[in-house]
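Residue numbers (full-length UniProt numbering): 1 to 407.
Ideal placement from N, C-alpha and C gives every residue a C-beta, glycine not left out.
Comments concern the structure below.
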């Protein structure tokens, strides 16, 4: 074969951009804000990888990465990147995830790349186990799925111990899971418990085999919706926009004891013109924020948000362990980017991300008849108020809602 034809075939296998000098590759990499995109650039071709190594390229420091949206597809989770305009990332690929976890229910996230999973027995709908799963290292920490509580049987006065399976609605950690003092604060639902579907509060240490006891709401307005670990204590947000602050203490063989502070928030001028779909607690700039998610009517997509900052009175009025506080509505987000999700809300500064503006990113964490619609996600901006659907569409899921994952 003539040498010219052989050379043409070789060149055809290598596109023109494969021979870019290291300086040009540096320009490309420096304009990618997403760490996963930068890593993948090393894998574009051998010449790019070699050029980066030979030039000794020092890239600009990465900004704090924004959360990925986990979308539960039929083949397994897909992760969509906010920094890359909603593009999906192999973080990891479905085949990287252990088969037992591939179609688990995601009930929240914590820290960097860690997610709370519930692995269910599909025929009976009972969680076989709960885990904290590290999506980078692909390791996990096992959590209990049985709760022990003392209660009188129907029609009896004497209390006795009961054991029940439970599922996690939302949860968070007090510290890194590798630390011995790590505590889980969770919102749970008891299973196989007649006429009792209200969410409960429970605490346990990471390596406990069972959960010892739970805590009920005294009335409907104190039923919990979200949890956040803030200022060295667990903060539980309720349906009435109140907060229960709990500091648990554990005793060998005994029920968990908790020192509670119930924070009552007077309604004041706080009014919602639309239906409240969800409430979230977010720590932002050292303050505690209440984010209220609204829609015109139940079952309709998200249409608006309201954000309030917790204001503590100068002289708290303490009445039977209830302290009065106020929610003050923020006139604007003032450069904040809020990512809201049960037990995993985060706040970021738009100024640190060129091309981004203040707004609220939300995922679809709704459950309808044991199905997960996974359609009501996107970004809300305030000027003018509107909702932008900025992530790829997906079909409803039969195993998990969407959640945010911090890469």
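Own chain partners of residue i with C-beta closer than 7 Å, once the 5 adjacent residues on each side are dropped
{"i": "residue 332", "result": "382"}
{"i": "residue 274", "result": "294, 295, 296, 303 and 304"}
{"i": "residue 67", "result": "82, 339, 346, 404, 405 and 406"}
{"i": "residue 204", "result": "144, 184 and 211"}
{"i": "residue 192", "result": "164 and 165"}
{"i": "residue 168", "result": "107, 116, 118, 130, 186 and 188"}
{"i": "residue 277", "result": "293, 294, 295 and 302"}
{"i": "residue 287", "result": "309 and 310"}
{"i": "residue 385", "result": "304"}
{"i": "residue 208", "result": "144"}
{"i": "residue 94", "result": "75, 76, 77 and 102"}
{"i": "residue 230", "result": "283 and 288"}
{"i": "residue 367", "result": "401"}
{"i": "residue 206", "result": "141, 177, 182 and 184"}
{"i": "residue 73", "result": "394"}
{"i": "residue 373", "result": "364, 366 and 396"}
Whole-angstrom distance between residue j and residue i, CA atom to CA atom
{"i": "residue 119", "j": "residue 107", "result": "11 Å"}
{"i": "residue 389", "j": "residue 306", "result": "19 Å"}
{"i": "residue 172", "j": "residue 164", "result": "21 Å"}
{"i": "residue 220", "j": "residue 313", "result": "25 Å"}
{"i": "residue 359", "j": "residue 289", "result": "14 Å"}
{"i": "residue 113", "j": "residue 146", "result": "26 Å"}
{"i": "residue 91", "j": "residue 20", "result": "27 Å"}
{"i": "residue 387", "j": "residue 363", "result": "12 Å"}
{"i": "residue 409", "j": "residue 279", "result": "No statement about residue 409 is possible, as the shown extent of the chain runs from 1 to 407 and does not include it."}
{"i": "residue 402", "j": "residue 300", "result": "17 Å"}
{"i": "residue 76", "j": "residue 132", "result": "18 Å"}
{"i": "residue 139", "j": "residue 97", "result": "10 Å"}
{"i": "residue 226", "j": "residue 23", "result": "48 Å"}
{"i": "residue 365", "j": "residue 148", "result": "28 Å"}
{"i": "residue 34", "j": "residue 182", "result": "30 Å"}
{"i": "residue 394", "j": "residue 105", "result": "16 Å"}
{"i": "residue 79", "j": "residue 335", "result": "26 Å"}
{"i": "residue 224", "j": "residue 39", "result": "41 Å"}
{"i": "residue 200", "j": "residue 357", "result": "37 Å"}
{"i": "residue 162", "j": "residue 30", "result": "59 Å"}
{"i": "residue 28", "j": "residue 87", "result": "17 Å"}
{"i": "residue 190", "j": "residue 255", "result": "17 Å"}
{"i": "residue 134", "j": "residue 249", "result": "27 Å"}
Residue i - partner residues in DSSP beta bridges
{"i": "residue 306", "result": "292"}
{"i": "residue 80", "result": "69 and 88"}
{"i": "residue 118", "result": "105 and 130"}
{"i": "residue 220", "result": "In the DSSP output, where bridge partners are listed per residue, residue 220 has none listed."}
Spatially closest choice to residue i from the options, by CA coordinates
{"i": "residue 101", "options": "83, 80, 88 and 127", "result": "127"}
{"i": "residue 353", "options": "400, 286, 85 and 104", "result": "85"}
{"i": "residue 343", "options": "286, 88 and 291", "result": "291"}
{"i": "residue 37", "options": "89, 218, 21 and 71", "result": "89"}
{"i": "residue 391", "options": "401, 377, 400 and 385", "result": "377"}
{"i": "residue 329", "options": "268, 375 and 366", "result": "268"}
{"i": "residue 25", "options": "41, 33, 77 and 348", "result": "41"}
{"i": "residue 141", "options": "148, 217, 162 and 179", "result": "179"}
{"i": "residue 327", "options": "350, 271, 341 and 361", "result": "271"}
{"i": "residue 110", "options": "177, 99 and 285", "result": "177"}
{"i": "residue 341", "options": "62, 350, 69 and 32", "result": "69"}
{"i": "residue 285", "options": "337, 257, 375 and 249", "result": "337"}
{"i": "residue 375", "options": "27, 28 and 71", "result": "71"}
Other residues of its chain near residue i: CB distance less than 8 Å, five sequence neighbours each side excluded
{"i": "residue 222", "result": "238, 239, 240, 242, 244 and 262"}
{"i": "residue 371", "result": "396, 397 and 398"}
{"i": "residue 64", "result": "348 and 352"}
Residues of its chain near residue i, where Cβ-Cβ distance is below 6 Å and the 5 sequence neighbours each way are ignored
{"i": "residue 202", "result": "186, 188, 211 and 214"}
{"i": "residue 247", "result": "233 and 259"}
{"i": "residue 298", "result": "275"}
{"i": "residue 379", "result": "359, 361, 388 and 390"}
{"i": "residue 228", "result": "235 and 281"}
{"i": "residue 175", "result": "182"}
{"i": "residue 217", "result": "223"}
{"i": "residue 32", "result": "38"}
{"i": "residue 350", "result": "335, 337, 356, 357 and 358"}
Residue i burial status per 10 Å Cβ neighbour count (16 or more: buried)
{"i": "residue 251", "result": "exposed"}
{"i": "residue 355", "result": "exposed"}
{"i": "residue 253", "result": "exposed"}
{"i": "residue 136", "result": "exposed"}
{"i": "residue 170", "result": "buried"}
{"i": "residue 257", "result": "exposed"}
{"i": "residue 61", "result": "exposed"}
{"i": "residue 99", "result": "exposed"}
Closer than 7 Å: residue i CB and nearest the ligand PLP heavy atom
{"i": "residue 140", "result": "Looking for the ligand PLP in the displayed structure turns up nothing, as the structure carries no ligands at all."}
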